[in-house]
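The structure appears right after this line, and notes come after that.
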């Protein structure tokens, strides 16, 4: 798939591709070849600045958007792609393997003893060829990622700069530093195998390296040199060589398959090689040897080439791109395309992409009209390829800034796409839009963004076929997005699930520690970075896509209701009232409440969440009737409010930190045997390494925190503040009752303060509170989710709780009389609420798949008998 | 027989990185020459020379190279070590000498210069004394008079200048910002070789066992470099020549260098009689009877296709002649280390560290 442009026009079957290619513009005028056969040099365009005033306006200024970037530690010298993987050859002697679907790094292929300078993939044969500065050519299996052969020459060839494989000849060709081209027939390769390593370039006798110095001292073998290792060795036959194939390094090679009507006549493959001598040599394979057919001379070294139909584009050292007509072997255009070396070039559809030493890529039409230019790398762009995936076209660039970037070039071509796609690519694209809204709740500044985001979500749900509208909340706070996909499968059930999530986020401004723009989603090393990707936009979208996908193919068996609110990070203000008001409309028939708003315990093991603590937020304030005073003037006269407050706060806990509020711990539900087993399972998972006691303290025991003490008056060391305020919260657990706890606490504070006999005044204000939630990990929802998790991740989930609070969960359970279950989507290292929030791409995709399974399999709940769920 | 080294870089390099610091630097080669001519006399101790071009075009400096040479052994010359630590250039020639012809004299030290041009030779013209008169009578007066010393190498340079002149390039004029052009220099070099070859043949008629000439020449106008690896024989191997290119020549630990290849460009180009390092995969052998060109930062490699050319690279050339001249050292297993044969600086622990610290 990496080289679709190399095939003759007859050999490009996919319909989408023919749409992509469009009519062959070059042959539009009958009898004319498109361009005058003369050299045209257009003025140089400044790589760093804008287009000069007299330059032709770009035909389409569209700059491809970045899809993902992988940051490595060594420069990326070469790239190739198979159906499932991208291979990157590095300056660190390795080939890194990435999955194009999940963006995860899958593997690292080692064995070369030098920089991997060139790669080539034969998709049909599932072979990867790699050439390196250790003079070794290796052959790998692109499925198993195992090394098959290590091929070496008997000559001192130096670096291998170019490699290509011809299916017609079943032969791999490679060009080297010593100006030679050599080849190896893969059909007969097994005849030459050997296990004798003595012929390897690093082992064989060399007059210099095996010589002895003064006193018979042998040459040292440098300690840090990693020598190439090989399993199955192939020593190339002596005669498989064209010495001086060029009069310089052989930098690049391409296959050319001329259309049958051309003067070359026979349907044959030709090998094109570009060299440091500025020549492109055309080779034919005759009687088992390479015969030079043509020589095309360019002004300077040919560093890279790409073939489109019968046209050859050569990137040269002085920034020029030459176009050759391979029908007539004529130079038809020379274009000053870049200011510096054109180091890499690739083509796709009607477009040519060239990468230069300045880090810029330029997009050109086939006659080299500039389309757009953009900065891809912070340094040299060393390699560029184009890849076609199921429904997207990618440009992949690698540079000496040690990174690999994927660019979406789909918009380059007017290609047919269905309106609705639920592919992972589309999920990413929608998430990028979703993240771009700055939906910080609790701040007037972002009201408009929140509205726009809610509308976006509503439109998306509608587009996917849901009934969707916004539910307004009191005081005109951020609206709730409602959406309902009604079951439409032939075997639909009467199950209805309610998915709860939120589109608001924590403010990301101010810290300045984000590596990327928090509101422009960035893909890096298999992760998506951006505010809200993990909390909670990504997980919400995964569930929406799962339901939509089933709905669109007519296989949705359950009704799926979405309630996505915009005030979760502010304690879900207004949510309860609005939902209560619209309860009947939202669904009298809800069987299950589902959500995905928490994280795994670590980065490895998938989890299900069955419990959250509740919370009570309080403000405790002590003030005096007098104004702020000077401690030198008035100190010692009276009881000071701040002193009273600290003493009062000290009464809340004993010296060991145990809460002294009467009866505080009494209602805490005793642990059952089944629950204890869940904790033990976590303990058995050694990678997590958290003790049962610690987890219980975090999850199932209540706690009290003093967050802050604020005082009146200026912040200097002589003031006696007249007022001191402490903010306190309690995390509460089943079966503590919010109202009882807060009432007891108030009484306790009042009585303790009374005993101070202070003239100051105490006021305790209850700010907000939320119930704890405890699900039943044995119920059908958890069972269904557990099965789905096992199917997707291949391991049983851990059952976990969380110490935090999501106010809506217990409320929804009560309001709809339906039990809740939570599927954590992201990993522990997601940095929710923090800088550089992220979500692993795999987790997002798997979450979508898990929801799809769950929506398909969740049973309806038996009707309640005497209020007890069965 | 001698050793030479050529550096051309996109950026200037500190001479110490070439001359003194690498484990097998040209100074070390002067007493530990692995591919040396003569095992009986294992030291290139008859002087040395370093020539380099200043970076910026400065009318006061002019366009020619600066050459520093001496008749003392390179390892014993403190001035060389001092200069190497404080001089940078992007175009460097260096040479250590074991005299085969000519006395010990500064006029016999390579590299030789003529205005913008600089020239070195590694090898020998067979029976030079027999054809010296041909040299003298062939060339214009100005090049005949240019010869100062008594080496075959300097005469070869004079002949090269004459060839260049006769190709229409006046070597006494400045080479200018783009140099004379690598094509014309290469052509002049090929003619020089042709004359030497022809004259040797004329003078050796009736002597079938005439020994071949070893003609590894290097010439530069400050912009392009032409280096030959040539022998007037179809069956013998020429004197050694290696090259190495990459993005950076880095010292990864003291004395240990390697050629880093972070991209495919040739920002650093080294050509040397012997590799400067023991990093095998960093060095490529220049094929016998070929001509290596450095044009800007690009290496070109052309075969010299004459009666001594072997089209098939797998036909082995004998190293008998080279071996008989002591060119190839015998394979010796590592033995107990003895200090006896080490040159003084090494033996006394005064090498480099005493200079740099």
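Chains as they are written, first to last, in the working numbering: chain A, 1 to 870; chain B, 1001 to 1357.
Note that the Cβ used here is the ideal one computed from N, Cα and C, for glycine as well.
- If you keep only unbroken beta strand (DSSP E) runs of at least 3 residues inside the stretch 546-631 of chain A, you get 559-565, 592-595, 607-612, 614-623.
- A Cβ of chain A is located within less than 8 angstroms of the beta carbon of residue 1301/B.
- For residue 317/A, the chain B residues whose Cβ falls inside 8 angstroms of its Cβ are 1296, 1298, in order along the chain.
- The stretch 623-639 of chain A and the stretch 718-732 of chain A touch, with no fewer than 3 CB-CB distances between them shorter than 8 angstroms.
- The alpha-carbon separation between residue 1077/B and residue 1176/B amounts to approximately 34 angstroms.
- Boundaries cannot be given for residue 828/A, as no beta strand (DSSP E) includes it and DSSP labels it neither H nor E.
- If you look at residue 1017/B, you'll find it in the alpha helix (DSSP H) that goes 1016-1019.
- Setting aside the 5 residues that flank it on each side, residue 711/A is surrounded in the same chain by 642, 721, 724, each with a C-beta closer than 6 angstroms to its C-beta; the list follows chain order.
- In the structure shown, residue 754/A adopts helical secondary structure according to DSSP, grouped into three states.
- Residue 693/A counts as exposed, since fewer than 16 other beta carbons sit within 10 angstroms of its beta carbon.
- Scanning the stretch 658-728 of chain A from its first residue to its last, the whole beta strand (DSSP E) runs of 3-plus residues come out as 703-711.
- The beta-carbon separation of residue 163/A and residue 131/A, rounded to 4 angstroms, stays under the 8 angstroms limit for a contact.
- Residues of the stretch 84-107 of chain A with a C-beta less than 7 angstroms from any C-beta of chain B: 91, listed in chain order.
- Relative to the Cα of residue 278/A, the nearest Cα in the group 191/A, 296/A, 381/A, 291/A belongs to 296/A.
- Counting the other Cβ atoms within 10 Å of the Cβ of residue 583/A gives fewer than 16, which makes it exposed.
- Under the DSSP definition of a beta bridge, residue 396/A partners with 385/A, 406/A.
- Chain-ordered, the chain B residues with CB closer than 8 angstroms to the CB of residue 241/A read 1313, 1314.
- Membership of residue 643/A in the alpha helix (DSSP H) is indicated by the continuous run 641-650.
- Using a Cβ distance threshold of 8 angstroms, residue 348/A and residue 386/A count as a contacting pair.
- If you draw a straight line from the Cα of residue 234/A to the Cα of residue 1246/B, it is about 27 angstroms long.
- One thing to note: residue 1283/B has its Cβ within 8 angstroms of the Cβ of residue 1242/B.
- Secondary structure note for residue 1162/B: its alpha helix (DSSP H) is the uninterrupted segment 1152-1166.
- One Cα belongs to residue 336/A, the other to residue 354/A, and the distance between them is close to 12 angstroms.
- Less than 8 angstroms divides the Cβ of residue 835/A from the Cβ of residue 511/A.
- When C-alpha distances from residue 1059/B are compared across 1071/B, 1160/B, 1174/B, the shortest belongs to 1174/B.
- Leaving aside the five residues that flank residue 703/A on each side, the residues in its chain whose CB is nearer than 6 angstroms to its CB run, in chain order, 731.
- For residue 1183/B, the three-state secondary structure derived from DSSP is helix.
- The DSSP-derived three-state label of residue 1109/B is coil.
- Contact between the stretch 794-801 of chain A and the stretch 497-510 of chain A is not established, with fewer than three Cβ pairs separated by less than 8 angstroms.
- Under DSSP, residue 748/A shares a beta bridge with no residue.
- When DSSP reads this structure, residue 286/A sits in a beta bridge with 289/A.
- Residue-level contact by beta carbon holds for residue 178/A and chain B, with a gap shorter than 8 angstroms.
- The three-state secondary structure of residue 1188/B, taken from DSSP, is helix.
- The distance from the Cβ of residue 1112/B to that of residue 1154/B is about 5 angstroms, consistent with a contact at the 8 angstroms cut-off.
- When C-alpha distances from residue 1268/B are compared across 1050/B, 1090/B, 1071/B, the shortest belongs to 1090/B.
- Here the stretch 107-121 of chain A does not lie against the stretch 63-70 of chain A, with fewer than 3 beta-carbon pairs under 8 angstroms apart.
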